[in-house]
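Taking it in order: structure first as C-alpha cells, then the write-up.
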Amino acid sequence: MRSNLKIIVLSLLFIAFYQFLWSVDCEICKNKIKAGVSFYRVKSKTYCSKKCLRKTLPKCSVCKKHSDKIYRKEGKEYCKPCIIAAAPKCSICKVTTFGKSFLKKENTIYCTEKCYLTTIAECVLCKKKELGMSKIENTHYCSKCIKLPQCNSCSLISNEQMQLDGRQICTSCLTYGIQSQNDAYKIYIEVKELLKSKFNIETTVGLPMKIVDMDEMKRIKEDNNSQERGLYHVSRLIRHKVIKQGDVIIKREKIETKATRNIYILTYLPKRDFIKVAAHELMHDWVALNYPKLKEEKICEGLSEYLSSLVNIHYGNDKLNLRMEKNKNPIYGGGYRFIKLKDKGGGIVDIKNWLQKTYNQ
Ligand SMILES: [Zn+2]
Ligand SMILES: [Zn+2]
Ligand SMILES: [Zn+2]
Ligand SMILES: [Zn+2]
Ligand SMILES: [Zn+2]
Ligand SMILES: [Zn+2]
Numbered sequence: 000m001r002s003n004l005k006i007i008v009l010s011l012l013f014i015a016f017y018q019f020l021w022s023v024d025c026e027i028c029k030n031k032i033k034a035g036v037s038f039y040r041v042k043s044k045t046y047c048s049k050k051c052l053r054k055t056l057p058k059c060s061v062c063k064k065h066s067d068k069i070y071r072k073e074g075k076e077y078c079k080p081c082i083i084a085a086a087p088k089c090s091i092c093k094v095t096t097f098g099k100s101f102l103k104k105e106n107t108i109y110c111t112e113k114c115y116l117t118t119i120a121e122c123v124l125c126k127k128k129e130l131g132m133s134k135i136e137n138t139h140y141c142s143k144c145i146k147l148p149q150c151n152s153c154s155l156i157s158n159e160q161m162q163l164d165g166r167q168i169c170t171s172c173l174t175y176g177i178q179s180q181n182d183a184y185k186i187y188i189e190v191k192e193l194l195k196s197k198f199n200i201e202t203t204v205g206l207p208m209k210i211v212d213m214d215e216m217k218r219i220k221e222d223n224n225s226q227e228r229g230l231y232h233v234s235r236l237i238r239h240k241v242i243k244q245g246d247v248i249i250k251r252e253k254i255e256t257k258a259t260r261n262i263y264i265l266t267y268l269p270k271r272d273f274i275k276v277a278a279h280e281l282m283h284d285w286v287a288l289n290y291p292k293l294k295e296e297k298i299c300e301g302l303s304e305y306l307s308s309l310v311n312i313h314y315g316n317d318k319l320n321l322r323m324e325k326n327k328n329p330i331y332g333g334g335y336r337f338i339k340l341k342d343k344g345g346g347i348v349d350i351k352n353w354l355q356k357t358y359n360q
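Counted from 1, the sequence shown has number 46 at position 47 by numbering that gives the first Met the number 0; the numbering is strictly sequential.
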C-alpha cells in the first residue's frame, strides 16, 4: 500500500515536471500554453489564440482594429471599411470613389461625367452639355458653338450674325443696339451726370458726343485697323502767324487755337456696353482737363477702364468687368489692374488721392 502511494506521488511529480518543461508562453498575452491545448505557430512564434494572433497584424489608424488587409494613404493606415469611409464621395450622388476613377473639377469630386454634367449650365446656343464647356462672362458654350464668330458689338458669340461696315454684328445687337443719335445722347448725358453726382468727375461742359459706324471711326482715328468702340478726340487747329518787317518775312510763329474735344462711340452697341464706353471716354476728358501733362497710355487707359468698372457696378453690369479683369492687353487690361490696386476700399477718392500724390497737381 505504501509503495503504491509512492508510485502515484512520483507519477504526479513527473507529469508536473513534464508539463513545466514543455509549456511555452504566448507571444502576446504571456499566458502559458498547456500541453494538449491547441495553439498557433507563425514564423517560429507561438500564440495562444486567434485573438492574440490578430494583434500581430497591422492596426487601422482610424478604428484601431487589427486587420490582415491594410491600405496606406497619405502616410496613414486604414482597414477596408475605414478607407471606404475616408475616400472622397461624389458631391452629387454621395457614392464612394474608393477604387474607382473619378472627376475633379474646381476642388469638387464627381463619380462620373453624368453627375458632373448635372452641375453645369447648358450651352446658351444649342442647349447641349459636355465636359470642357467654355465660359465667356458667365455664359456657357459647348466646344462647337464656341467656334462661332464673336459679335464685335457685344463680344458674345452667336449663331446669327451679319456683316456691317467690316464688323460682325449679332442679330440681338442689330435689333436692340443703339442706332439713333437721339437715344445715344440721352444715355450719354445720363452717364455724364452720374459721373458728376456720384464720383465727382466733372467733364467739359457741352462736350459733344456722336455715334459713328466703324468706317467713320477708322477715318477719325486715322487708323485702318482700329477696333475701338469709342474715341476721345482732341484736335487743335494750328495757325501760322507771319511776322514781317516791311515786306520781308522774318519769322513764322505757330499758334495753337483752343482744343476741340469730341467723343465718338460706335453704333449698334447694346445699352450696357454703350454706358461702359461713354464712362471710359468721359474719364479721358477729366484726366486731360485735370492732368494735362499725364500722357502715359497705360495710366490713362487704366483710369478710364477703372472708372467705367465702377459705373458698370452702379448699373448692375458687373459681368462686364470680368472682361477687363482678364484682358491680356498690357495697356487696357494691365492699366486697369494697376489702377485697381490703388483703390484701398475708398473707390474713386483713393484713385484721386493717388493721382494727386503721384502727379503732384
Ligand atoms: Zn495569448
Ligand atoms: Zn478601421
Ligand atoms: Zn455621382
Ligand atoms: Zn452649343
Ligand atoms: Zn452682339
Ligand atoms: Zn481709352
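Ideal Cβ placement from N, Cα and C applies to all residues, glycine included. Quantities reported herein were computed from a predicted structural model and do not represent experimental measurements.
Just verifying my parser: in three-state terms, what is the DSSP assignment at residue i?
i: Thr-170; result: helix
i: Val-276; result: helix
i: Met-161; result: strand
i: Arg-228; result: coil
i: Val-348; result: helix
i: Arg-71; result: strand
i: Ile-237; result: strand
i: Lys-50; result: helix
i: Lys-243; result: strand
i: Lys-33; result: coil
i: Lys-343; result: coil
i: Lys-250; result: strand
i: Lys-88; result: strand
Have a look at the options and flag the residue whose alpha-carbon is nearest the alpha-carbon of residue i.
i: Ala-258; options: Gly-315, Thr-203, Lys-44 and Cys-25; result: Thr-203
i: Ser-308; options: His-232, Lys-294 and Ala-278; result: Ala-278
i: Thr-256; options: Ile-274, Leu-236 and Ile-119; result: Leu-236
i: Ile-330; options: Lys-343, Lys-217 and Gly-301; result: Gly-301
i: Tyr-115; options: Cys-122, Gly-98, Asn-137 and Cys-92; result: Cys-92
i: Glu-296; options: Glu-129, His-283, Asn-289 and Ser-60; result: His-283
i: Val-310; options: Tyr-77, Val-276 and Lys-31; result: Val-276
i: Ile-27; options: Lys-44, Lys-250, Ile-264 and Met-161; result: Lys-44
i: Gly-165; options: Lys-33, Cys-172 and Lys-217; result: Lys-217
i: Glu-252; options: Val-241, Lys-351 and Asp-246; result: Val-241
i: Leu-147; options: Leu-130, Cys-122 and Lys-250; result: Cys-122
i: Ile-108; options: Val-233, Cys-89 and Lys-99; result: Cys-89
i: Asn-181; options: Thr-266, Asn-223 and His-232; result: Thr-266
i: Ile-186; options: Pro-269, Asn-106 and Asp-67; result: Pro-269
i: Ile-177; options: Phe-273, Leu-321, Lys-195 and Thr-118; result: Phe-273
Is residue i close to ligand 7? I mean its beta-carbon at under 7 Å from any heavy atom of the ligand.
i: Ser-37; result: Inclusion of ligand 7 in the displayed structure is not the case, the ligand content consisting of ligand 1, ligand 2, ligand 3, ligand 4, ligand 5 and ligand 6 alone.
Which residue comes first and which comes last in the alpha helix (DSSP H) that contains residue i?
i: Lys-363; result: The shown model of the chain, from 0 to 360, leaves out residue 363, and the question about it has no answer.
i: Phe-337; result: 331 to 339
i: Cys-25; result: Where Cys-25 is concerned, there is no enclosing alpha helix (DSSP H), given that its DSSP letter is neither H nor E.
What first and last residue would you give for the beta strand (DSSP E) that runs through residue i?
i: Val-41; result: 39 to 41
Quick one, what's near ligand 2 if you take every residue whose CB is closer than 5 Å to any heavy atom, in chain order? Cys-59, Val-61, Cys-62, Cys-78 and Cys-81
Length-filtered (3 minimum) beta strand (DSSP E) runs lying within the region 176 to 221: 208 to 211
Can you give, in chain order, each stretch of the alpha helix (DSSP H) that sits fully within the region 254 to 325 and has at least 4 residues? 270 to 289, 296 to 313 and 318 to 325
Secondary structure, alpha helix (DSSP H): runs of 4+ residues fully inside the region 90 to 166: 112 to 116
Can you list every residue whose CB sits closer than 7 Å to some heavy atom of ligand 4, going in chain order? Cys-122, Leu-124, Cys-125, Lys-127, Tyr-140, Cys-141, Lys-143 and Cys-144
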